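Colleague: Residue numbers (the numbering used here): 14 to 191. C-beta atoms are modelled at their ideal positions from N, C-alpha and C, and glycine is treated no differently. Here the structure is a predicted model, which means the values were calculated and not measured.
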Ligand SMILES: Cc1cc2nc3c(=O)[nH]c(=O)nc-3n(C[C@H](O)[C@H](O)[C@H](O)COP(=O)(O)O)c2cc1C
């Protein structure tokens with residue numbers, strides 16, 4: 014028998030921060046000046062057509078380049094890239110070239126101006142369709158269509174990184190398979 018759990022009276026923000034983890038991405042944007050940044054605010058809005066959204070603070074260098082470029086790439090890092098993902102999440106492209114400083118390789122986008130990241134096994138190229146400001150801690154949502162994807166032959170989604178309230182992880186055990 015399952016023991017009865019004690020429910021805490023949490024605030025809404027604490028409750029949403031305790032939700033199970035989601036994917037973490039390396040977002041690359043920019044045409045002449047290129048930048049890469051770590052992103053956790055992501056949502057899949059539609060599968061076919063594939064529409065995704067990302068939340069970016071206006072204080073980020075990424076925001077400035079995204080406004081200029083109108084497209085971006087979402088690159089899925091695997092566990093071998095965790096240290097680089099951490100660095101891309103606190104260094105700012107306003108002060109240095111994160112690609113060369115962190116050691117990531119930009120590759121020309123196939124259908125967007127922004128580069129994708131060679132080291133990541135899954136790359137999605139996204140054209141911005143809509144910009145939505147929900148007044149959320151200065152985050153602006155960019156909603157866009159995935160116009161091209163590249164997936165490495167040996168991509169293993171069980172080694173893709175996920176992020177949960179300060180912790181980088183990989184997906185855990187399988188409890189049931191349909
Ligand atoms: C795990 C993780 C997730 C993050 N998610 C976001 C995000 O969704 N949106 C955002 O604006 N910043 C996010 N950040 C913070 C940016 O990555 C960070 O401020 C970065 O230095 C911005 O770089 P830039 O100034 O070159 O754009 C995240 C950082 C980490 C470590």
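May I ask you to check if the CB of residue 73 is nearer than 6 Å to at least one heavy atom of ligand 1?
Modeller: For the purposes of this step, residue 73 is identified with residue 60 of the chain shown, where counting begins at 1. The answer is yes for residue 73.
Colleague: Using the three-state DSSP reduction, which class does residue 28 fall into: helix, strand or coil?
Modeller: Looking up residue 28 in the chain shown gives position 15. In the structure shown, residue 28 sits in a helix (DSSP, three-state: H, G or I).
Colleague: Leaving out five residues before and five after residue 122 in sequence, what residues of the same chain have Cβ atoms less than 8 Å from its Cβ?
Modeller: Position 109 of the chain shown, counted from the start, is the residue given in the question as residue 122. Cβ neighbours of residue 122 beyond the five flanking positions: 84, 86, 128, 129, 138, 161.
Colleague: Ignoring anything shorter than 4 residues or poking outside the region 16-73, list the alpha helix (DSSP H) runs there in chain order.
Modeller: Taking only runs of at least 4 residues, the alpha helix (DSSP H) segments lying wholly in the region 16-73 are 25-30.
Colleague: Residue 61 CB to nearest chain B CB: under 7 Å?
Modeller: Among the chains in the structure shown there is no chain B, since it carries only a single protein chain.
Colleague: Find out if the Cβ-Cβ distance for the pair residue 71, residue 50 is shorter than 7 Å.
Modeller: Indexing the chain shown from 1 puts residue 71 at position 58. Indexing the chain shown from 1 puts residue 50 at position 37. For residue 71 and residue 50, no; Cβs fall outside 7 Å.
Colleague: Please indicate yes or no: does the CB of residue 176 lie closer than 6 Å to some heavy atom of ligand 1?
Modeller: For the purposes of this step, residue 176 is taken as the residue at position 163 of the chain shown. For ligand 1, at least one heavy atom lies less than 6 Å from the Cβ of residue 176.
Colleague: Specify, as a first and last residue, the run of the alpha helix (DSSP H) that residue 98 falls within.
Modeller: Counting from one through the chain shown, the residue named residue 98 turns up at place 85. 95-101 is the extent of the alpha helix (DSSP H) around residue 98.
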